[in-house]
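As they're listed, the protein sequences go chains A and B. Using the working numbering, read the first sequence as starting at 1 and increasing by one per residue. Using the working numbering, read the second sequence as starting at 335 and increasing by one per residue. Ideal Cβ placement from N, Cα and C applies to all residues, glycine included. The structure displayed is predicted, hence computed values, not measured ones. Have a look at the structure below, then the notes.
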Amino acid sequence: MNVQAVKRVLKSKKALLLLITVVVIAAFYFVNPNYLSMDSIRGTMQRMSITGIMALGIACLFISGGIDLASSSECLFGGVVCGLLIKSGIPWGWAVAATLAVGGVIGALNAFLALKIGLMPFISTIAISSVLQGINLGVTNAQNIPIPNPTFAWGSRNLFGILPIPFVIMIVLIIVYEYVLKRTQFGRNMYIVGGNVYAARLSGLNPDRILTVLYINNAVVSTLAGIVLASRMQSASPLSMSDSQMDAITAAILGGIAFYGGGGDMSGCLIGILLLNFFSSGLNMLALESYWTTIASGLLLIIALMFDYLNERAAQRALKVKTTARAAAPGEAK
Amino acid sequence: MSEYLEFQGISKAYPGVQALSDISFRAEAGRVLALLGENGAGKSTLLKILSGDIRPDAGGIVISGEEMSFPTPRDAILAGVSVIYQERQLVPLLSVMENIFPGALPKTALGIDKNRLRAEAKAVIGKFGLPIDPDEPVGRLSVAYQQMVEIMKAYTRNSRIIAFDEPTAPLTDTETDILFRLIGDLKAEGKIIIYVSHRMAEIFKITDDVVVLKDGKFVKAMRTQDTDERALIQAMVGRDIGDTYSNLSRNEEYGDVLLEVRGLCTDALDDVSFSLRRGEVLGLAGLVGAGRTEVVRAIFGADAIEAGEIIFEGKQVRFTEPRDAIRAGIALCPEDRKEQGLILSRSVRENVTMPVLSKLKKGLFNMFLDRDAENRLTQEVIDQFTIRTPSINKIARELSGGNQQKVILGRWTNEKVSTKLLILDEPTKGIDVATKAEIYQMVCDFAKAGFAVIFISSELTEVINVSDRIIVMHNGHITGEVMRQEATEENVLALAMLD
Numbered sequence: 001m002n003v004q005a006v007k008r009v010l011k012s013k014k015a016l017l018l019l020i021t022v023v024v025i026a027a028f029y030f031v032n033p034n035y036l037s038m039d040s041i042r043g044t045m046q047r048m049s050i051t052g053i054m055a056l057g058i059a060c061l062f063i064s065g066g067i068d069l070a071s072s073s074e075c076l077f078g079g080v081v082c083g084l085l086i087k088s089g090i091p092w093g094w095a096v097a098a099t100l101a102v103g104g105v106i107g108a109l110n111a112f113l114a115l116k117i118g119l120m121p122f123i124s125t126i127a128i129s130s131v132l133q134g135i136n137l138g139v140t141n142a143q144n145i146p147i148p149n150p151t152f153a154w155g156s157r158n159l160f161g162i163l164p165i166p167f168v169i170m171i172v173l174i175i176v177y178e179y180v181l182k183r184t185q186f187g188r189n190m191y192i193v194g195g196n197v198y199a200a201r202l203s204g205l206n207p208d209r210i211l212t213v214l215y216i217n218n219a220v221v222s223t224l225a226g227i228v229l230a231s232r233m234q235s236a237s238p239l240s241m242s243d244s245q246m247d248a249i250t251a252a253i254l255g256g257i258a259f260y261g262g263g264g265d266m267s268g269c270l271i272g273i274l275l276l277n278f279f280s281s282g283l284n285m286l287a288l289e290s291y292w293t294t295i296a297s298g299l300l301l302i303i304a305l306m307f308d309y310l311n312e313r314a315a316q317r318a319l320k321v322k323t324t325a326r327a328a329a330p331g332e333a334k
Numbered sequence: 335m336s337e338y339l340e341f342q343g344i345s346k347a348y349p350g351v352q353a354l355s356d357i358s359f360r361a362e363a364g365r366v367l368a369l370l371g372e373n374g375a376g377k378s379t380l381l382k383i384l385s386g387d388i389r390p391d392a393g394g395i396v397i398s399g400e401e402m403s404f405p406t407p408r409d410a411i412l413a414g415v416s417v418i419y420q421e422r423q424l425v426p427l428l429s430v431m432e433n434i435f436p437g438a439l440p441k442t443a444l445g446i447d448k449n450r451l452r453a454e455a456k457a458v459i460g461k462f463g464l465p466i467d468p469d470e471p472v473g474r475l476s477v478a479y480q481q482m483v484e485i486m487k488a489y490t491r492n493s494r495i496i497a498f499d500e501p502t503a504p505l506t507d508t509e510t511d512i513l514f515r516l517i518g519d520l521k522a523e524g525k526i527i528i529y530v531s532h533r534m535a536e537i538f539k540i541t542d543d544v545v546v547l548k549d550g551k552f553v554k555a556m557r558t559q560d561t562d563e564r565a566l567i568q569a570m571v572g573r574d575i576g577d578t579y580s581n582l583s584r585n586e587e588y589g590d591v592l593l594e595v596r597g598l599c600t601d602a603l604d605d606v607s608f609s610l611r612r613g614e615v616l617g618l619a620g621l622v623g624a625g626r627t628e629v630v631r632a633i634f635g636a637d638a639i640e641a642g643e644i645i646f647e648g649k650q651v652r653f654t655e656p657r658d659a660i661r662a663g664i665a666l667c668p669e670d671r672k673e674q675g676l677i678l679s680r681s682v683r684e685n686v687t688m689p690v691l692s693k694l695k696k697g698l699f700n701m702f703l704d705r706d707a708e709n710r711l712t713q714e715v716i717d718q719f720t721i722r723t724p725s726i727n728k729i730a731r732e733l734s735g736g737n738q739q740k741v742i743l744g745r746w747t748n749e750k751v752s753t754k755l756l757i758l759d760e761p762t763k764g765i766d767v768a769t770k771a772e773i774y775q776m777v778c779d780f781a782k783a784g785f786a787v788i789f790i791s792s793e794l795t796e797v798i799n800v801s802d803r804i805i806v807m808h809n810g811h812i813t814g815e816v817m818r819q820e821a822t823e824e825n826v827l828a829l830a831m832l833d
């Protein structure tokens, strides 16, 4: 049985993705051994944490068939709100808690528009994104807000002197979410609602409640990403980071999260985050202009999708050959 | 020489299944050829090959001596082939006339010539004698008339070959008659007609030849007049299934009244009243659109109720959400199992246990799902309903229609659910003959187990033979009630058409 299980894992998409990740890392290491120096790895971990944390919230929404395109604005908004609160003299812990609560309100607003009013979240969250970004620029005069509070600088420190705190936060969240998805009724219901919302309702589930929780979760997690970023930079920037929105979605889909709902999990999402970030930090190391990274991450998504497609097709062909052979020699079928 | 269509050695494999192997037969002009077979026999695959939707792995199609190859559906259409699928290929927001002449709209210098288009459409509609307004958006027509529009579309394309894939499945009996008249007209014009259906009576009514497929293989071809129902079923299932209905082992003892409906009104229902005992199978018969599904949806809390009382277990209830009805002990197996019943992308296990997860938990604060209990429950359901699946983790999409239906039945009748009233809306739709017989026995077994069962079906024979008592509906109200012993297709149909 265990041999079977191992075989299944090896054939899975996740294994392929992990393999690609390893190949990418090995290739860059081959070009420049410094790529895998402690400092370089730590830098990559630092960078991936922000988009990674955002990707988790998005992934949960995708699994249940929702979408929030305001993540990056929510992230920036979180940083700005938290920064302003700390500057006004509130202890940072309270500031963080208040900011997360604000995130919750934004998420509830997204859920209200999408579920109660019935607007298309694809569009309504873009509208919310625009509103938030406008407020960001307004309250900061489009300037960085420095946060002169050394106790709030935990985002730039390392756990046990090794692991960046933001990375630790991301990993903890991944573990929690994976547990919820795989082991709790709520997680199971997330898949069911994403798989067929109508059947879910006729089977007694309350899809709106589940999606509401996930919209709120996504906005809270996105503001958390903004707080972590602010803590790491010791300043809050109101300037657009639309790339990070794209990266978060790319990472989630790379990791096998079904865009239309009903599939995917957090370990896949993690691999997606790792692949995307080790790839782009490798490109950075090559000292290419930064737009190359943007182009490359788009291409990476396409290549990953192609691999997925080819893999699937090969599997189907193998199955087909097997059945044809069995049809030709029915006596040998077991 | 008259025209013909010939399949020559067609083979097609899908992952995990040889859908067709070496199929050869010939269909003649001016005749209707029935293509028969259980689900999975390969009928739909063959039609898809004919329409250019998929390409065969081997073999070819010959039309009147000319070898054809249809790499795309467009090539098939140009060669004079029209396949009318169950799923309409119409644009709902466009008018009837625009749908009849897609891509061939008459034009003036300023654009589409609406007047000529309307005149041409009227001519075709008139030729078939149908009461359809050419300016009506297709989406507002009934399913039957939408199908007629498809037929007219095929007709105006000058198709030599017209294939129908279970055309009567969504139709009422009157509508079916109109369809048969149309098919008769097409036949008289010398078209080659292929007709796929599960319904025996129709085969004998309108077809001239029969080809039987089983498991993707050719079984036999014959003249319809030279065979009978029993012989055909035997060819389809490969064995004699005998008289399905008289062999059913039914429940004889009823309990107390479980459900009483008084004067129920919704926007589709008018003063519907009836009662139902535990252990009883109540059939709801009627033409499509008579309001059968609307009755159960109102009871179940899926549609709003305007007036009336529902008394369940002696208490007056009015559910506003399905989950409230489920909590009270009502389960609905909906009409469209793929769209409304199953989570196709998830496993058999997840599909079975979804309404009872809260009873399958363990650990701190009962927070975590108990996988072992879940697996056990699913395995029990698989055994009890003889669901053919290699594993409890198989994705529901990959099961056959009959097994999918069993998964839904298992979801609502296993030991963990507290179902008292089980509503089955068209539980045998699109399911092969052998599995249908299994499902009939299951319905009787549910009654024996003490469930009250509401059984809705558009197939008259089925609903009057499986139910203990039949309520007939027409246009949103009840037109009559018949016990099984007294029910015949004639008297039920008469009630169903009563105004």
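- Taking a Cβ-Cβ cut-off of 7 Å, the neighbours of Ala-199(A) in chain B comprise Gln-674, Gly-675, Leu-676 and Ile-677, given in sequence order.
- Annotation: the continuous beta strand (DSSP E) that includes Lys-554(B) extends over 551-557.
- Taking all protein chains in view, the Cβ of Pro-761(B) is crowded by 16 or more other Cβ atoms within 10 Å, so the residue is classified as buried.
- Contact annotation: Ile-145(A) and Leu-84(A) have beta-carbon atoms nearer than 8 Å.
- Residues Gly-414 of the same chain have their beta carbon placed closer than 8 Å to that of Asn-492(B), with the five preceding and five following residues left out of the count.
- Residue contact check for Pro-689(B) against chain A: a CB pair falls below 8 Å.
- Under the DSSP assignment, Lys-548(B) falls outside any alpha helix (DSSP H), being part of the beta strand (DSSP E) whose first and last residues are 543-548.
- Residue-level contact by beta carbon holds for Arg-183(A) and chain B, with a gap shorter than 8 Å.
- Residue contact with chain A for Leu-703(B): present (Cβ-Cβ distance below 8 Å to some residue of chain A).
- With 16 or more neighbouring CB atoms inside 10 Å of its own CB, Gln-480(B) falls in the buried class.
- Within the segment 678-758 of chain B, the complete alpha helix (DSSP H) segments of 4 residues or longer fall at 682-687, 705-718 and 735-747, listed in chain order.
- Within the segment 486-553 of chain B, the complete beta strand (DSSP E) segments of 3 residues or longer fall at 495-499, 526-530 and 543-548, listed in chain order.
- Beta-bridge analysis with DSSP links Cys-599(B) to Ala-641(B).
- Between the alpha carbons of Arg-705(B) and Val-472(B) lies a gap of roughly 49 Å.
- Taking a contact to require three or more Cβ pairs closer than 8 Å, the segment 242-262 of chain A and the segment 62-82 of chain A qualify as touching.
- Taking all protein chains in view, the Cβ of Gly-463(B) is surrounded by fewer than 16 other Cβ atoms within 10 Å, so the residue is classified as exposed.
- Look at Leu-755(B): its C-beta is not under 8 Å from any C-beta on chain A.
- Counted as a single uninterrupted DSSP element, the beta strand (DSSP E) harbouring Ala-368(B) occupies residues 365-370.
- Val-544(B) places its beta carbon 8 Å or farther from that of Ala-363(B).
- Shown here, Ala-236(A) sits in a strand according to DSSP, grouped into three states.
- At least 8 Å separates the CB of Ser-734(B) from every CB of chain A.
- According to the DSSP assignment, Ala-347(B) belongs to the beta strand (DSSP E) that extends over 338-348.
- Secondary structure note for Ser-583(B): it is in no beta strand (DSSP E), with a DSSP letter that is neither H nor E.
- DSSP, reduced to helix, strand and coil, places Val-606(B) within a strand of the structure shown.
- Look at the segment 208-222 of chain A: it has no residue with a C-beta under 7 Å from a C-beta of chain B.
- Legend: CB atoms of the segment 168-195 of chain A lying less than 7 Å from CB atoms of chain B belong to residues Arg-183, Thr-184, Gln-185, Arg-188, Tyr-191, Ile-192 and Gly-195.
- Contact between Gly-256(A) and Gly-262(A) is ruled out by a C-beta separation of about 12 Å, above the 8 Å threshold.
- Using a Cβ-Cβ distance cut-off of 8 Å, the segment 58-69 of chain A and the segment 105-121 of chain A are in contact, since at least three pairs of beta carbons, one from each stretch, lie closer than that value.
- Arg-631(B) has its alpha-carbon roughly 42 Å from the corresponding atom of Ala-251(A).
- In terms of CA proximity to Arg-671(B), Asp-759(B) leads the group Asp-759(B), Arg-515(B), Met-482(B) and Arg-422(B).
- Taking 8 Å as the threshold, the shortest C-beta distance from Ala-636(B) to chain A falls below it.
- Taken in chain order, the complete beta strand (DSSP E) segments of 3 or more residues contained in the segment 790-815 of chain B are 803-808.
- Glu-647(B) does not reach chain A, its nearest Cβ partner there being about 18 Å away, counting only Cβ pairs nearer than 8 Å.
- Boundaries of the alpha helix (DSSP H) around Lys-382(B): 377-384.
- Listed as beta-bridge partners of Cys-667(B) by DSSP are Leu-758(B).
- Nearest neighbour of Leu-593(B) by Cα position, chosen from Leu-582(B), Gly-613(B), Gly-744(B) and Asp-391(B), turns out to be Gly-613(B).
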